[in-house]
Every structure is written in C-alpha cells, then in structure tokens.
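Quick note: the sequence shown uses this note's numbering, first residue 41, plus one each step.
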Amino acid sequence: MRVVSGIQPTGDLHLGNLLGAILRWVRMQDEAECLFFLADLHALTVDVDPTQLRANVREMAAALIASGIDPAKSILFAHSAVPAHAELAWVLECTARMGWLNRMTQFKDKSGKNKEGASVGLFAYPVLQAADILLYRATHVPVGEDQKQHVELARDIAVKFNTDFDNELFVPPEPFIGGGSAARVMSLRDGSAKMSKSDPSDMSRINLTDSDDVIAQKIRKAKTDPKPIPGDPALLDGRPEAKNLAGIFAAVSGESVEQVLARFEGQGFGAFKPALADALIAMLSPIRARLIALREDPAAIDAHLAAGAAQAAKLAAPTIAAAYRAVGLTHASNA
Ligand code: TYM
Numbered sequence: 041m042r043v044v045s046g047i048q049p050t051g052d053l054h055l056g057n058l059l060g061a062i063l064r065w066v067r068m069q070d071e072a073e074c075l076f077f078l079a080d081l082h083a084l085t086v087d088v089d090p091t092q093l094r095a096n097v098r099e100m101a102a103a104l105i106a107s108g109i110d111p112a113k114s115i116l117f118a119h120s121a122v123p124a125h126a127e128l129a130w131v132l133e134c135t136a137r138m139g140w141l142n143r144m145t146q147f148k149d150k151s152g153k154n155k156e157g158a159s160v161g162l163f164a165y166p167v168l169q170a171a172d173i174l175l176y177r178a179t180h181v182p183v184g185e186d187q188k189q190h191v192e193l194a195r196d197i198a199v200k201f202n203t204d205f206d207n208e209l210f211v212p213p214e215p216f217i218g219g220g221s222a223a224r225v226m227s228l229r230d231g232s233a234k235m236s237k238s239d240p241s242d243m244s245r246i247n248l249t250d251s252d253d254v255i256a257q258k259i260r261k262a263k264t265d266p267k268p269i270p271g272d273p274a275l276l277d278g279r280p281e282a283k284n285l286a287g288i289f290a291a292v293s294g295e296s297v298e299q300v301l302a303r304f305e306g307q308g309f310g311a312f313k314p315a316l317a318d319a320l321i322a323m324l325s326p327i328r329a330r331l332i333a334l335r336e337d338p339a340a341i342d343a344h345l346a347a348g349a350a351q352a353a354k355l356a357a358p359t360i361a362a363a364y365r366a367v368g369l370t371h372a373s374n375a
C-alpha cells in the first residue's frame, strides 16, 4: 500500500481540506508508506504572485505539520523540487486524449465563461496530477469528493499507457474518498456550493488561522433554515445547509450523523450552533497554536521539505527512467 496525495499551496488551509483530506492523511501515516506534497506547479495554472507563492508553500507545509503530518513518518515535499513530476507529465500529455480532458468539470468551473482566456496549464493540469500519482506507483489516493474525477483520469491514463507500450509500468490508482459527511464539506453561506478557497466570501469557510471568536461568529452566522432538527438523517434531504452543519458536526466529533441528530432532535439551531462552534474550536485551536510556533522557524520547515524532496526523487527515478525507455526516449539523461 502506497499513499500519495497533494494540496495546492494557495492561501489558507480550510475545514474542507482538513476533514476531506488532511486528517485522513494523518491517520494513514501509521498504516502505509505515505508521500504528501505541496502542488506548487499546479498553483501556476491561475494568476501567479511569485512572492505570495513562495510564502504559501512554506505556510502550507507548516499547516500540514501542525495538523499532524509527521515528516519523520511521511515524505513531505514541494512537487516542483522533484523534476520527474513535470517530465512524466509531458509524456502522459501525449497519452491523455483531448476528449478526456474536455470532460473535466473542474476546468469548466475554474475557467467559467472565459475558456479562451484560460491558461493551457489549467486545461492540462489533471495530467500533471496523474503524473504526481503514477510516478510513485501509488495504490491509494486520499482526496475529497471533488478530486474523484481527476483520480479516475489517472487510472485511464495508466491503463492506456500500459496497453500502448505493452508493459505494466503504471499501477491504476484508487481514489480513496472519506466515508460519510466529510467527503464534501459545503460553504457556510450556500449548502449547494463546496467550501473553497476561491469563494470570495471569507464567511463561507472556516480557515485554520481563524481565531476562536471568528470561528464562533462564522458558525453563528452560517445559513440555516427555521425548521427544527430532525432525528432521521433522511429528513435533511432538501435542507442542504442543515445537512452540511450536521455533517461537519459528525466529522469533527467522530460521531455518526444519526448520533448528532439524536442529541438535538426537536431543537432549533440556537442550541446546535454553539455546541458545533465549541467542537470546532476544540479541534482547531491546538492546530493553530502549533502552526504559530512552527512559523517561528522557517529554516526547519525548509529542511523538512528538502529532505522529503530527496527521498521522493529517489522513489521517482526508476519510474521516469522506465517511462522514457518504454516510449523510446533512450537519449534522456535519466532514462
Ligand atoms: P486542493 O488543493 O483543491 O484540495 C486539497 C484536498 O482537499 C480536498 N477538499 C475538500 N474535501 C471536502 N470538502 C471540501 N469542500 C474540499 N475542498 C477541498 C480536496 O479533494 C483535496 O483532496 N488537484 C488537487 C491537488 C493535487 C493532488 C495531486 C491530489 C495535485 N496533485 C495528486 C491528489 C493526488 C487540488 O487542487 O486539491
């Protein structure tokens, strides 16, 4: 079992990232060989502020460590530090088909009405993501629901490459989506939109760096409906905001949605929201305190990333060499 996953170093870590991915990465560290990376090459696909990007990579690495990713257990690195990611992405761009990428919903969402003005990188980035995964022959890719389509694309690319070049080089990966309510954490302002860094309203998400007061305020102001809390989760259908808050509560307290609802059945959100805010603060404030401490020593963060990159590069070398040889690029210096 080899686990590989990444996160874009854009801004802050939010509750969706934590519940949908990072806290599951933390749990998997004791069960498998794990590689986790800051997908800084992916961050180039939209407008780039070089100073900000440099700072964000370090900040996100610190946030992952504060959340429980242990560089002594897992290989933690920035994927730009391992050139084989970009090299394999090119080879696989020649395997992937335009039609496959045309179906990627995230490109449609992110490019909006301005497809002609989107970068080529934004269109092609799911192939870089496939390279990130296939380079390490990952078996499990823990991600939130929104990344499922990209991991399935990586499977298709792996199978086509293996078939085209008559080998077994790539392992078709499994998307490993968290069970239950955490796989898709929704906006606090709109239960039909996912919680996201790109939402212009900061009130739509809980950030790892939010103070206890801000967390309480965001939950107090979270959109709900006037109906009482039901005992049966099926009765949350058609009530997306209520369903989202119940799901978040369950994920944070480690209970099932049924158990959470049983405690609040018949009550309004006036009782539920303060309890949810308390549970969130109990989870997030120790992580935030560790993050603040880690920021004091940026050299230590850089050292973890450099050591991780060296380990990752060693694991990647045989795969990129075999991929080059498979397609006939035997003049490549690392083939
Ligand atoms: P990114 O940076 O958008 O998100 C990082 C992880 O957080 C999950 N996530 C969520 N889960 C539940 N609810 C939400 N509202 C929510 N928002 C984000 C994402 O599913 C993801 O697991 N392309 C990837 C990064 C990447 C990658 C990879 C992932 C690059 N290469 C290889 C896996 C394997 C991305 O933009 O994730």
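Note that CB positions come from ideal geometry on N, CA and C, so glycine has one too. Here the structure is a predicted model, which is why all the values come from computation and not from measurement.
Discussion item. On the CB-based measure, 16 or more other CB atoms within 10 Å of its CB, does residue 272 come out buried or exposed?
Written reply: exposed
Worksheet item: To which residues of the same chain is residue 222 closer than 6 Å at the C-beta, ignoring the five residues directly before and after it?
Response: 59, 60, 291
Worksheet item: Just to confirm, are residue 118 and residue 356 a CB contact at a threshold of 8 Å?
Response: no
Worksheet item: For residue 70, does the count of other Cβ atoms within 10 angstroms reach 16, so buried, or fall short, so exposed?
Response: exposed
Worksheet item: Do residue 78 and residue 49 come within 8 Å of each other at the CB atom, strictly closer than that value?
Response: yes
Worksheet item: Which residues mark the beginning and the end of the beta strand (DSSP E) in which residue 180 is found?
Response: 180-183
Fill in: 3 or more residues per run - each beta strand (DSSP E) lying fully within the stretch 231-290
none
Discussion item. For a test of your reading of the model: does the CB of residue 236 fall under 7 Å from any non-hydrogen atom of the ligand TYM? Yes or no.
Written reply: yes
Worksheet item: Using the beta-carbon count (16 or more within 10 Å), is residue 332 buried or exposed?
Response: exposed
Fill in: Backbone CA spacing between residue 201 and residue 75 [nearest angstrom]
23 Å
Worksheet entry | residue 173: CB within 7 Å of a non-hydrogen atom of the ligand TYM | yes
Worksheet item: From this set, 175, 88, 181, 198, which residue's C-alpha is nearest residue 159's C-alpha?
Response: 88
Fill in: Distance between residue 284 and residue 260 (C-alpha atoms, nearest Å)
14 Å
Worksheet item: Hey, how far is the Cα of residue 301 from the Cα of residue 67?
Response: 26 Å
Discussion item. Along the chain, where does the beta strand (DSSP E) containing residue 45 start, and where does it finish?
Written reply: 42-47
Worksheet entry | Within the stretch 48-86, ranges of the alpha helix (DSSP H) (whole runs, at least 4 residues) | 63-68
Worksheet item: When we look at the beta-carbon of residue 127 and count the other beta-carbons within 10 Å, is it buried (16 or more) or exposed?
Response: buried
Discussion item. Can you give me the C-alpha to C-alpha distance between residue 265 and residue 325, rounded to a whole angstrom?
Written reply: 28 Å
Discussion item. Quick check on residue 207: buried or exposed, where buried means 16 or more other Cβ atoms within 10 Å of its Cβ?
Written reply: exposed
Practice prompt. Identify the continuous beta strand (DSSP E) that holds residue 214 and give its terminal residues.
Written response: 214-217
Worksheet entry | Outcome for residue 145 when other beta-carbon atoms lying within 10 angstroms are tallied against a minimum of 16 | exposed
Discussion item. Just checking residue 186 against the ligand TYM - is the residue's beta carbon closer than 7 Å to any of the ligand's heavy atoms?
Written reply: yes
Fill in: Limits of the beta strand (DSSP E) - the one that residue 118 falls within
115-118
Worksheet item: Who are the Cβ neighbours of residue 64 in its own chain at under 6 Å, not counting the five residues just before and after it?
Response: 182, 218
Discussion item. Is residue 157 a contact residue of the ligand TYM, with contact defined as CB to any heavy atom under 7 Å?
Written reply: no
Item to complete: Inspect the CB distances between the stretch 245-255 and the stretch 310-321 and report whether three or more fall short of 8 Å.
Response: yes
Discussion item. Does residue 234 pass the burial test, meaning 16 or more other C-beta atoms within 10 Å, or should it be called exposed?
Written reply: buried
Discussion item. Does the beta-carbon of residue 114, which I'm using as the reference point, lie nearer than 7 Å to any heavy atom of the ligand TYM?
Written reply: no
Fill in: For residue 226: DSSP bridge partner residues
234
Practice prompt. Would you decide whether residue 227 is buried or exposed? Buried here means 16 or more other CB atoms lie within 10 Å of its CB.
Written response: buried
Discussion item. Shorter than 7 Å, the distance from the beta carbon of residue 57 to the closest heavy atom of the ligand TYM, or not?
Written reply: yes
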